[in-house]
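Undergrad:
Residue numbers (our numbering), protein chains in the order written: chain F, 16 to 229; chain P, 16 to 229; chain U, 16 to 229; chain A, 16 to 229; chain V, 16 to 229; chain W, 16 to 229.
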């Protein structure tokens with residue numbers, strides 16, 4: 016093509032053909048100061064958005080103190096931790112497992128892509144026909160875990176392990192069953208009824224994990 | 016596993032790994048004081064949510080006075096009636112049909128699972144090739160009705176009938192054609208044009224059902 | 016309107032304007048003889064579809080023998096049990112709870128609308144912040160349970176109880192944790208690692224519930 | 016950049032990084048010889064796809080003979096008429112209205128964008144609160160009609176009118192209520208029951224429109 | 016049916032069965048004064064909605080001044096231009112191409128149905144296997160373009176051409192690569208790196224199209 | 016709870032309540048021997064599924080030979096490469112960038128979460144208002160890139176760099192514009208028309224990148 020002199024027309028005319036607020040439709044950084052809704056949070060004013068709204072560095076640092084019963088820690092990264100995920104339908108989690116560390120049984124509504132980052136873990140899940148699937152996962156290997164199935168992983172090496180998880184939703188909802196059952200306020204007499212555990216075992220686990228309404 | 020004394024660590028550390036507002040992502044009780052949007056209503060403050068926000072008792076009581084032209088009544092239960100449905104993608108309806116009661120032709124954008132609760136009804140729908148499907152539905156039987164197809168049901172027994180309907184959407188949009196056509200403000204001369212009915216019939220039905228712009 | 020004689024034109028012309036296979040797009044009864052896919056099963060030949068493909072009577076009968084450890088039974092109704100649900104985004108379940116019957120902790124990827132049908136149950140769920148929500152549910156009352164959260168219910172009356180559940184998906188995936196953990200083939204040494212239970216308790220539960228790889 | 020000689024590397028290496036069947040994931044032309052499913056039809060072999068699979072010319076020609084009771088005709092264009100729409104979540108319809116032509120009340124599960132192409136029509140819809148919305152639509156003007164609401168349009172000019180409709184689904188399911196009720200096989204005695212019309216009117220309309228089971 | 020006198024009951028009872036705010040669920044006209052979210056804008060007060068909220072006339076007029084480098088202009092119509100599209104999952108665009116006019120390479124996340132309205136254009140797209148598909152599109156013909164693939168069209172006739180495009184989303188996000196690359200603020204040294212163009216060519220195009228950070 | 020002897024009942028009864036083919040609904044490993052459809056591939060026989068169907072090791076190894084014009088290589092991992100992703104709504108990509116390596120401008124229909132794995136890259140994207148966002152991304156840092164926007168990254172360190180990308184779709188459709196334009200079969204005379212490049216530049220780039228129809 017040719018005709019350079021007319022580029023002023025292009026500039027003024029073409030821009031005028033795009034609504035000044037159309038930038039809002041490319042992305043929607045969460046404004047956490049407003050209440051969210053079923054689809055996420057209202058958008059931050061696009062004119063105040065910078066590249067930093069799209070970057071998150073928290074996966075790079077350990078997710079927490081692993082001096083605990085499980086010798087492990089996790090950091091769940093949803094919209095509330097990384098507002099740039101709002102409406103992007105993806106989120107993540109970092110798990111740190113010290114030697115003999117364990118991430119106990121947990122589940123969430125969406126699928127999970129589990130990535131080995133450091134060390135080696137045995138990772139597994141159980142399907143709704145009660146069949147278990149498990150394998151050792153090394154650095155750079157991934158395991159796809161179907162939605163809502165109980166899964167776990169634990170360090171099988173003599174060095175700490177790190178895993179990253181990725182979810183096709185901007186909010187994943189990790190429920191850890193040890194805590195749901197024994198760190199919650201569900202009365203012991205109910206737990207006696209709805210689990211196969213006897214009263215003594217229920218009491219022991221509630222004391223261990225910090226549950227209330229013993 | 017073992018080592019009880021460390022459970023204080025577990026308690027403090029694990030909780031600290033979950034954002035205090037993460038509860039918002041498990042559910043979103045509608046705050047009806049705010050305007051809704053295409054995906055539903057903004058969420059009520061999670062710290063104010065109780066189990067009662069998840070319970071609805073209105074299906075248990077008759078849906079209304081059946082002393083009317085159809086000897087029937089319905090109660091449509093969407094987010095506005097049961098805020099706990101917000102974002103849950105399910106809603107419901109109760110219909111009460113007195114002896115000889117009828118729920119006239121209606122449709123809505125999503126599928127319907129119609130459950131017989133009391134008595135017996137003949138329930139049917141018509142597909143877009145103008146083929147009718149109908150059958151007597153007794154207590155505990157269900158009929159699945161595809162999205163947006165006209166359907167109806169009427170009591171065929173000598174006792175009152177009750178049905179419950181369930182929809183895979185937190186807002187269903189029941190449009191009853193008798194009312195859409197003859198209880199609305201659509202001018203009679205338009206109805207004359209766009210229905211196969213003559214003017215006298217249109218006038219008669221508008222008077223019967225309470226339409227305006229005769 | 017008027018002009019009766021031309022109705023032959025209408026008949027022939029209008030029909031000719033709709034593809035003879037358009038009926039396929041109103042519904043898609045599952046052809047279970049073919050493999051399914053992520054969105055469901057291929058459609059049965061529409062010309063062979065009758066009203067019976069849209070009706071299911073199995074909710075009306077007890078879901079199974081309740082003479083078991085839980086004094087309860089459930090029947091899960093997905094596409095495989097009711098092919099008419101294919102693509103309709105809704106499915107259901109019936110639970111029968113004898114006196115003192117229990118439906119133990121379970122979860123699934125989609126929300127659940129739990130309906131009291133007979134008797135009274137205490138129904139509850141635990142959110143991902145480990146807060147428990149529970150209430151007595153009587154006939155005609157519903158509880159909405161958010162996706163993927165552990166929930167339970169048990170009979171609190173002196174008569175048998177029946178509940179129906181409805182799900183906004185044509186496949187729900189009930190995973191009962193007692194069976195996932197202790198009726199599965201997951202080796203005991205793994206369960207020792209990833210649950211807070213000691214070896215003796217794990218063995219006891221596996222024996223009780225029929226697990227393998229003790 | 017520079018270094019021309021290496022372009023052979025680029026060519027061979029880069030291509031080898033894309034699976035030869037990856038083309039299948041850009042589009043999925045319907046193979047109508049196979050049964051469809053809830054999400055559409057299986058894909059035609061990508062190696063046999065040409066640009067003609069993406070082009071449809073049928074909107075350009077009249078949709079049918081308008082010498083009928085409604086002085087109008089429509090052509091509904093779904094996957095079955097245009098296999099390139101498979102999985103593309105959009106479809107269309109052409110309506111031809113002769114002078115005094117009418118497209119009678121109809122509905123479908125998805126929204127409709129109605130475009131005036133020739134002449135002028137009055138187009139309207141009725142919401143589920145029985146409020147009517149209608150306006151004259153001229154060439155190049157559009158009316159957005161919400162999902163599943165009854166709508167209609169008719170020619171108000173002294174020349175033929177043409178409209179195109181666009182739907183955010185690759186299958187729209189037009190149900191015309193005149194035909195659903197009076198061209199179907201639904202027995203007259205049922206229509207007597209579930210419509211506000213008396214027997215004589217039902218018989219008259221069934222005869223007019225070609226219904227069976229009088 | 017019969018019994019006219021009771022129609023007052025019908026009127027009062029039936030209306031009372033529909034929540035006064037249920038109208039909000041049939042449609043959700045965007046309230047542009049509030050921030051949008053991932054699913055669109057909050058709804059305008061339904062009591063203030065009129066038929067004009069559902070009508071848009073801007074497609075009928077030229078989309079802009081075509082005296083520019085491309086001899087063309089486009090008008091993109093999203094929620095911000097037509098608030099009635101909010102939540103309706105459909106939007107549109109008008110392109111005007113003067114003689115020898117071009118709509119340069121662009122893409123967007125959703126599919127496009129391109130309709131020839133006036134004149135003739137050559138329209139084409141390139142798939143992710145780098146295969147080009149193109150054809151002359153005349154009045155009334157449509158081309159379906161898969162999501163996110165680069166496409167273009169240009170006038171091949173001796174008269175101006177007009178096209179309309181329809182998208183299965185209430186926000187489409189047209190990105191024109193000439194402007195993204197050469198009208199943006201991306202520094203020239205970066206463009207030198209990430210395009211196969213040399214520095215002189217990059218500078219020339221930035222000057223032509225009005226880019227900054229030369 | 017108690018009563019061990021009855022566990023045989025549990026075992027036989029509970030299992031009999033779950034359809035033997037219900038396992039198909041937890042996951043759907045792609046059967047690549049069958050044609051896919053808009054929602055993915057038909058499911059592999061569940062009885063033949065092993066844990067290896069859920070594991071992929073290809074991210075751990077270099078994605079290809081980086082001795083090329085871009086000093087880089089990528090490996091795109093969709094269902095065709097990892098059948099376990101079928102229906103899981105997530106997929107991934109590995110990029111290897113040698114010193115001074117570049118991943119040129121590309122786009123795809125879904126969002127991308129770009130993770131720094133080794134070394135340091137400058138990563139950026141341009142929105143549909145032609146505003147550029149870019150930043151240096153180090154090991155463990157992530158950048159979220161909105162759907163369908165042009166983006167790029169290049170090595171800014173003196174050591175090789177590796178990145179992983181994750182997408183909320185089981186098929187992402189990377190289109191690299193250099194190849195779409197200059198490695199395709201689109202005739203040069205068309206490229207002259209629809210790009211701002213002159214004929215000589217088009218010819219040069221087609222020769223460089225291996226395009227046909229010069």
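Beta carbons are placed, not taken as given, at the ideal position from N, Cα and C, and that holds for glycine.
Just so we're clear, the structure is a prediction, and the values are computed from it rather than from any experiment.
Output, in sequence order along the chain, the residues in the segment 187-216 of chain U whose CB is closer than 9 Å to any CB in chain F.
TA: Hits within the stretch, in order: 188, 189, 190, 191, 192, 193, 194, 195, 196, 197, 198, 199, 200, 201, 202, 205, 208, 209, 210, 211, 212, 216.
Undergrad: Just the chain P side, please: which residues come within less than 9 Å of residue 169(A) by C-beta, in chain order?
TA: What residue 169(A) touches in chain P: 205, 208, 209.
Undergrad: Assuming residue 133(W) and residue 154(W) are in contact, meaning their beta carbons sit under 8 Å apart, how far apart are those beta carbons, in whole angstroms?
TA: 6 Å
Undergrad: For residue 56(U), would you say it is in contact with chain P, using Cβ-to-Cβ distances shorter than 8 Å as the test?
TA: no
Undergrad: In whole angstroms, what separates the C-alpha of residue 217(U) from that of residue 214(F)?
TA: Roughly 16 Å between the two C-alpha positions.
Undergrad: Can we say the segment 96-111 of chain V touches the segment 176-188 of chain V, given the rule of at least three CB pairs closer than 8 Å?
TA: yes
Undergrad: Find the residues of chain A that neighbour residue 52(W), judging by a C-beta separation of less than 7 Å, and give them in chain order.
TA: By Cβ distance, chain A contributes 43, 52, 54, 55, 56, 57, 58.
Undergrad: Please classify residue 229(P) as buried or exposed, where buried requires at least 16 other C-beta atoms within 10 Å of its C-beta.
TA: Looking at its Cβ environment, which holds fewer than 16 other Cβ atoms inside 10 Å, residue 229(P) is exposed.
Undergrad: Taking the alpha helix (DSSP H) that residue 156(F) falls in, what are its first and last residues?
TA: Neither: residue 156(F) is in no alpha helix (DSSP H) and is coded neither H nor E.
Undergrad: Report the option in 202(P), 173(P), 167(P) whose CA atom is closest to the CA atom of residue 201(A).
TA: 167(P)
Undergrad: For residue 110(A), which residues in chain V fall below 9 Å Cβ to Cβ?
TA: Here the premise fails: no neighbours, minimum Cβ distance about 14 Å.
Undergrad: When you compare the segment 110-126 of chain A with the segment 61-72 of chain U, are there three or more beta-carbon pairs, one atom per stretch, that lie closer than 8 Å?
TA: Per the Cβ contact rule, the segment 110-126 of chain A is not in contact with the segment 61-72 of chain U (fewer than 3 Cβ pairs under 8 Å).
Undergrad: Check for me: the alpha helix (DSSP H) holding residue 216(V) runs from which residue to which?
TA: 214-224
Undergrad: Anything in chain V within Cβ reach of residue 99(F), meaning under 9 Å, just list it in chain order.
TA: Under the 9 Å cutoff, chain V gives no residues; its nearest Cβ is about 12 Å from residue 99(F).
Undergrad: Distance, Cα to Cα, residue 131(F) vs residue 137(F)?
TA: The C-alpha of residue 131(F) lies about 10 Å from the C-alpha of residue 137(F).
Undergrad: Could you list the residues in the segment 143-160 of chain W with a C-beta less than 8 Å from some C-beta on chain V, going in chain order?
TA: Look at the segment 143-160 of chain W: the residues with a C-beta under 8 Å from a C-beta of chain V are 143, 145, 146, 147, 149.
Undergrad: Suppose the cutoff is 8 Å on Cβ atoms and the five residues either side in sequence are ignored; what does the same chain contact list for residue 164(P) look like?
TA: 122, 140, 141, 142, 143
Undergrad: Consider the Cβ of residue 141(W): report whether some Cβ of chain V lies at a distance smaller than 8 Å.
TA: yes
Undergrad: If you measure from the beta carbon of residue 128(W) to each beta carbon in chain V, is any gap under 8 Å?
TA: no
Undergrad: Can you tell me the Cβ-Cβ gap for residue 135(A) and residue 113(A), rounded? I've got them flagged as a contact below 8 Å.
TA: Contact doesn't hold; Cβ gap of about 14 Å is too wide.
Undergrad: Going straight from the alpha carbon of residue 197(F) to that of residue 158(P), what length do you get?
TA: 42 Å
Undergrad: Could you confirm whether any beta carbon from chain U is found closer than 8 Å to the beta carbon of residue 136(P)?
TA: no
Undergrad: Between residue 209(W) and residue 169(V), how many whole angstroms is the CB-CB distance? I'm expecting something under 8 Å.
TA: 6 Å
Undergrad: Strictly below 9 Å CB to CB, what residues from chain U border residue 120(P)?
TA: Simply none; closest approach about 16 Å.
Undergrad: By alpha-carbon positions, which one of 99(V), 57(V), 175(V), 45(V) ends up nearest to residue 80(V)?
TA: 175(V)
Undergrad: The alpha helix (DSSP H) with residue 195(A) in it runs from where to where?
TA: 192-197
Undergrad: Is residue 60(W) buried or exposed, if buried means 16 or more other CB atoms sit within 10 Å of its CB?
TA: Burial is judged here by how many other beta carbons sit within 10 angstroms of a residue's own beta carbon; residue 60(W) has fewer than 16 and is exposed.
Undergrad: By DSSP, does residue 103(F) sit in helix, in strand, or in coil?
TA: coil
Undergrad: Run through the DSSP bridge pairs and tell me what residue 120(V) is partnered with.
TA: Bridge partners of residue 120(V): none, in fact.
Undergrad: What residues from chain V crowd round residue 183(A), counting only those whose CB sits closer than 8 Å?
TA: Taking a Cβ-Cβ cut-off of 8 Å, the neighbours of residue 183(A) in chain V comprise 103, 104, 105, 183, 184, given in sequence order.
Undergrad: Determine the direct distance from the alpha carbon of residue 127(V) to that of residue 55(V), and round the result to whole angstroms.
TA: 20 Å
Undergrad: Looking at residue 78(V) and residue 41(V), is the spacing between their C-beta atoms short of 8 Å?
TA: no
Undergrad: Name the two residues that bound the continuous alpha helix (DSSP H) containing residue 143(W).
TA: Here residue 143(W) belongs to no alpha helix (DSSP H), and DSSP marks it neither H nor E.
Undergrad: Roughly how many angstroms lie between the CA atoms of residue 52(V) and residue 205(V), to the nearest whole one?
TA: 33 Å
Undergrad: Taking the straight line between their C-alpha atoms, what separation do you get for residue 83(A) and residue 76(V)?
TA: 35 Å
Undergrad: For residue 161(F) and residue 125(F), what's the separation of their Cα atoms in angstroms?
TA: Going from the Cα of residue 161(F) to the Cα of residue 125(F) covers about 7 Å.
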